[in-house]
Amino acid sequence: VKEDGMKGGKGDVDDEEGESEGMSFLLDQQPIPKGALVSTVYGEGTIIKFRRVTSQYLVSLSFGTAYLSPSAVLCTLLPTEGSSLTTQLRSADAETLARPGDKLVIGTQSLYLFLRLHQVLVRRLNIAKDLAYKVSGDKTLRSHIEQLSSEGEKNAGRKRYDAYLGLVYALVEGGYSSSSQYANAAEGGKYEDRVRCLLGGGAYELATMDKLVSHILKNLQNIASDETMQAMVEVYRRHADAGGFKPGAFRQEAAYLSEGENMYAFQYCKVPKTDRSILHYEFLGVIAESDLEEESPNLEALRKGSDIAMADADDGMEEIVQPSSSKRRRV
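Going by UniProt numbering, the letters in the sequence shown line up with residues 1 to 331, in that order.
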């Protein structure tokens with residue numbers, strides 16, 4: 001991630017709007033308009049303005065304001081759609097997560113598969129990083145691997161790992177376009193040969209990274225076209241914007257929108273005083289049948305704006321708040 005000149009004060013707004021001579025923007029290169037909600041490498045924020053003279057966005061983030069380059073602004077976001085069902089379900093549910101910093105989401109099998117593939121990706125990147133530093137310091141391998149720096153250079157391991165990341169970027173970009181600057185390095189069997197030159201024979205686990213990246217990209221496309229998953233994303237955003245997660249209300253709303261699909265619950269927890277996180281997950285099955293069998297009249301009435309009171313939250317949701325049997329993985 002490139003540094004983008006962060007400025008922490010909330011009042012840091014530069015009124016300079018200088019125009020750069022000769023700078024022209026085609027229709028597809030127009031700056032994101034003021035007030036747009038965006039996702040950045042530092043989290044979600046709102047565009048305050050675009051400074052043409054420096055080609056930077058001034059973005060309001062959760063911790064202050066920052067000048068960001070266009071590459072640090074990932075995409076625009078649609079505003080969260082409000083729902084009276086969410087509001088009334090939350091008001092009838094007194095249950096909360098044990099720790100306020102935890103996050104809860106319920107998703108389809110496509111989300112579960114993506115997270116498992118992401119776990120494999122992170123593991124392989126860790127292997128690549130360890131190998132990059134190991135082989136750079138092993139003099140016995142100097143004749144078997146490509147030399148990227150002079151002997152004894154302090155950043156030799158980092159430089160070798162960055163070279164490998166360039167290959168991974170080529171695989172990702174190659175999934176969208178063959179015009180990537182790294183595309184030639186990832187064609188055919190060149191990827192595997194290049195990995196062997198960079199990291200040595202011990203990098204055999206990385207030989208199928210191209211297939212892993214292909215599976216991840218296909219799964220992301222499945223998530224994007226999965227209407228049930230998109231509905232779950234909106235449910236998550238509404239509960240997050242409300243200031244906290246209420247498992248009972250979340251599950252009841254997810255049951256109403258899941259349309260009979262098998263669902264999974266995920267709880268993301270940060271480990272205190274470390275940079276580590278744990279993701280608990282649990283297979284819920286078809287929650288629409290179990291949850292709506294008794295609740296559907298109330299849910300339908302709430303959706304139509306009725307004042308009918310909701311029944312108590314499912315007792316089974318305690319497993320999501322304190323998952324005793326759920327699988328765990330470290331991120």
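Ideal Cβ positions, reconstructed from N, Cα and C, are used throughout, including at glycine.
- Taking C-beta atoms under 8 Å as the contact rule, residue 62 and residue 82 fail to qualify, at a distance of about 21 Å.
- Secondary-structure assignment with DSSP links residue 267 through a beta bridge to 104 and 280.
- Boundaries cannot be given for residue 99, as no beta strand (DSSP E) includes it and DSSP labels it neither H nor E.
- By alpha-carbon distance to residue 220, the top candidate from 113, 39 and 91 is 113.
- Taking every protein chain shown into account, the CB of residue 245 has 16 or more other CB atoms within 10 angstroms, so this residue is buried.
- Approximately 6 Å separates the beta-carbon atoms of residue 109 and residue 262; this is inside 8 Å, confirming the contact.
- C-alpha of residue 216 to C-alpha of residue 117: approximately 6 Å in a straight line.
- Taking C-beta separations shorter than 7 Å and ignoring five residues to either side along the sequence, the partners of residue 287 in its chain run 251, 254, 255, 258 and 263, following chain order.
- Here residue 202 carries a helix assignment [DSSP, helix/strand/coil].
- If you draw a straight line from the Cα of residue 92 to the Cα of residue 37, it is about 30 Å long.
- Counting only runs that start and end inside the region 215-244, the alpha helix (DSSP H) elements of at least 4 residues fall at 227-241.
- Non-local C-beta neighbours of residue 74 in its own chain, meaning closer than 8 Å and more than five positions away in sequence, comprise 38, 39, 40 and 41, ordered along the chain.
- Between residue 55 and residue 46, the gap from beta carbon to beta carbon reaches 7 Å or more.
- Nearest to residue 209 by C-alpha distance, out of 121, 202 and 230, is 121.
- Looking at 247, 275, 206 and 165, the one whose alpha-carbon comes closest to that of residue 95 is 247.
- In the DSSP secondary-structure assignment, residue 51 is bridged to 56.
- Rounded to the nearest angstrom, the gap between the Cα atoms of residue 126 and residue 160 is 13 Å.
- Looking at the DSSP output, residue 39 shares a beta bridge with 44 and 75.
- For residue 86, the secondary structure class from DSSP, reduced to helix, strand or coil, is helix.
- In this structure residue 195 is in contact with residue 206, their Cβ atoms being roughly 5 Å apart against a cut-off of 8 Å.
- Distances from the CA of residue 88 to each of 238, 270 and 275 were compared; the closest alpha carbon is that of 238.
- As the crow flies, the alpha-carbon of residue 243 is around 26 Å from that of residue 283.
- When C-alpha distances from residue 58 are compared across 35, 169 and 270, the shortest belongs to 35.
- Straight-line measurement puts the Cα of residue 199 at about 8 Å from the Cα of residue 164.
- Rounded to whole angstroms, the gap between the alpha carbons of residue 64 and residue 273 is 23 Å.
- Under the 10 Å beta carbon count, residue 131 is surrounded by 16 or more other beta carbons and is classified as buried.
- Cα atoms of residue 281 and residue 129: separation of roughly 28 Å, rounded to the nearest angstrom.
- Counting only residues of its own chain and dropping the five nearest sequence neighbours on each side, residue 222 has a CB closer than 6 Å to the CB of 110.
- Taking a contact as a CB-CB distance under 8 Å, the pair residue 104 and residue 267 counts as one, their CB atoms being some 5 Å apart.
- Sixteen is the threshold: when 16 or more other Cβ atoms of the shown chains lie within 10 Å of the Cβ of residue 236, as they do, the residue is buried.
- Residue 174 and residue 134 have their C-alpha atoms spaced approximately 29 Å apart.
- Following the DSSP letters along the chain, one finds residue 64 inside the beta strand (DSSP E) bounded by residues 64-68.
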